[in-house]
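What follows is a single structure, written as structure tokens, with notes after it.
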């Protein structure tokens, strides 16, 4: 199944971009970008974790779901923005390696559903004041499953 | 025995060697260490932002604390256990790394920050528990926490580049 050969030109193009070449040319850019990628991870996973706890009804029950999301959802969003920008940069600098690494493909298999889920179902549920318990539970579970899935395979990239 | 010799001894123990050379354990321990970041530091961030008065201003600080801490503490316990194991299996390498030393110093400072807040600053909490923006000492605790954890994460990641 992986790699998807039809997408190979995309990886080849990414590898040859100015961005990719600049990051590859010195030792420091990649390391620094990776550190910032970790900051983004902390923000996103932390936000999703605590938001899921609220969705499960384990914390802040006195506050409507929508209010918790309004006060703290921006943290996850900033984390996601940081992750995507640093992620694209890291990708450009080693697209060929990513193409050949199964873990990268598994990560993307989690990432795209995670993003779509985040901006559709997750947004809708966390914006309603009092979602149905089943909806809350499922949404919280899926958010955790998808985003931690991305993280696990992301870390696995370095091992394969 | 010098500190370096102790670290070398630790690294060379059976346990240390097994972890370091295993195809299985080391990646799992390290992966868990990184992923638990979300459950520990990621959670403490919400708490620090409340201390800074940036979010959830109408929620009493004591309530925020009781909500978040019991879920966040297991995360930190996991970080500590995996961290100790990671150090154990490469103690000498870590000792020689400037980034590891920075990480340890920052961790100690973070601990001092936490202790000072809980033992001193929180003494007067009943006066400002419901305040939207807590007094300066509480806000400083939140700010230092965020800064120190950022340093700890950065140093932790950069450590690997020096091995």
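Chains as they are written, first to last, in my numbering: chain A, 14 to 173; chain B, 5 to 167.
Beta carbons are placed, not taken as given, at the ideal position from N, Cα and C, and that holds for glycine.
query: Does any residue of chain B have a CB that is nearer than 7 Å to the CB of residue 116 of chain A?; result: no
query: Measure from the C-beta of residue 159 of chain A to each C-beta in chain B and report whether the shortest distance is under 7 Å.; result: no
query: Are the Cβ atoms of residue 78 of chain B and residue 134 of chain B separated by less than 7 Å?; result: no
query: If the cut is a Cβ gap below 8 Å, which residues of chain B does residue 142 of chain A touch?; result: Those do not exist, as residue 142 of chain A stays about 16 Å from chain B at its closest Cβ, beyond 8 Å.
query: Does residue 157 of chain B have its Cβ less than 7 Å from a Cβ in chain A?; result: yes
query: How big is the Cα-Cα spacing for residue 101 of chain B and residue 7 of chain B?; result: 14 Å
query: Which runs of the alpha helix (DSSP H) at least 4 residues long sit entirely within the stretch 72-124 of chain A? Give them in chain order.; result: 78-106, 108-113
query: Identify the continuous alpha helix (DSSP H) that holds residue 71 of chain B and give its terminal residues.; result: 65-93
query: From residue 86 of chain B to residue 150 of chain A, what does the alpha carbon distance come to, in whole angstroms?; result: 29 Å
query: Mapping the DSSP letters down to three states, classify residue 124 of chain B as helix, strand or coil.; result: coil
query: Listed in chain order, which residues of the stretch 11-33 of chain B have Cβ atoms closer than 7 Å to some Cβ of chain A?; result: 31
query: Taking C-beta to C-beta, are residue 160 of chain B and residue 92 of chain B nearer than 7 Å?; result: no
query: From what residue to what residue does the alpha helix (DSSP H) around residue 41 of chain A run?; result: 41-68
query: Determine the chain B residues that contact residue 165 of chain A at a beta-carbon separation under 9 Å, and present them in chain order.; result: 35, 39
query: Does DSSP put residue 161 of chain B in a helix, a strand or coil?; result: helix
query: Would you mind telling me which residues of chain B sit closer than 9 Å to residue 68 of chain A, beta carbon to beta carbon, in chain order?; result: What residue 68 of chain A touches in chain B: nothing, since even the nearest Cβ is about 13 Å away.
query: Between residue 173 of chain A and chain B, is there a C-beta pair that is closer than 7 Å?; result: no
query: So which of A/59, A/34, A/107, A/24 has the shortest CA-CA distance to residue 183 of chain A?; result: Residue 183 of chain A cannot be examined here, being either before or after the span of chain A that is shown, 14 to 173.
query: Is the stretch 51-58 of chain B in contact with the stretch 129-148 of chain B, if contact means three or more CB pairs nearer than 8 Å?; result: yes
query: Taking C-alpha atoms, which residue in A/170, A/172, A/164, A/122 lies nearest to residue 38 of chain B?; result: A/164
query: Give every residue of the same chain whose Cβ lies closer than 8 Å to the Cβ of residue 124 of chain A, excluding the five residues on either side of it in the sequence, and list them in chain order.; result: 163
query: I'd like the list of long-range same chain contacts for residue 121 of chain B, defined as Cβ closer than 6 Å, with 5 residues on each side in sequence excluded.; result: 145
query: Verify the CB distance criterion: does residue 42 of chain B have a CB-CB separation below 7 Å to chain A?; result: yes
query: Going by other Cβ atoms of all chains shown within 10 Å of its Cβ, with 16 needed for buried, is residue 56 of chain A buried or exposed?; result: buried
query: Within the continuous alpha helix (DSSP H) that includes residue 37 of chain B, where are the two ends?; result: 29-43
query: Since I believe residue 110 of chain B is in contact with residue 150 of chain B (beta carbons under 8 Å), could you give me their beta-carbon distance rounded to a whole number of angstroms?; result: With 8 Å as the limit, residue 150 of chain B and residue 110 of chain B do not qualify as a contact, their Cβ atoms being about 12 Å apart.
query: Mind pulling the chain B residues with CB within less than 9 Å of residue 88 of chain A?; result: 46, 49, 50, 53, 59
query: Helix, strand or coil for residue 117 of chain B, going by three-state DSSP, please let me know.; result: helix
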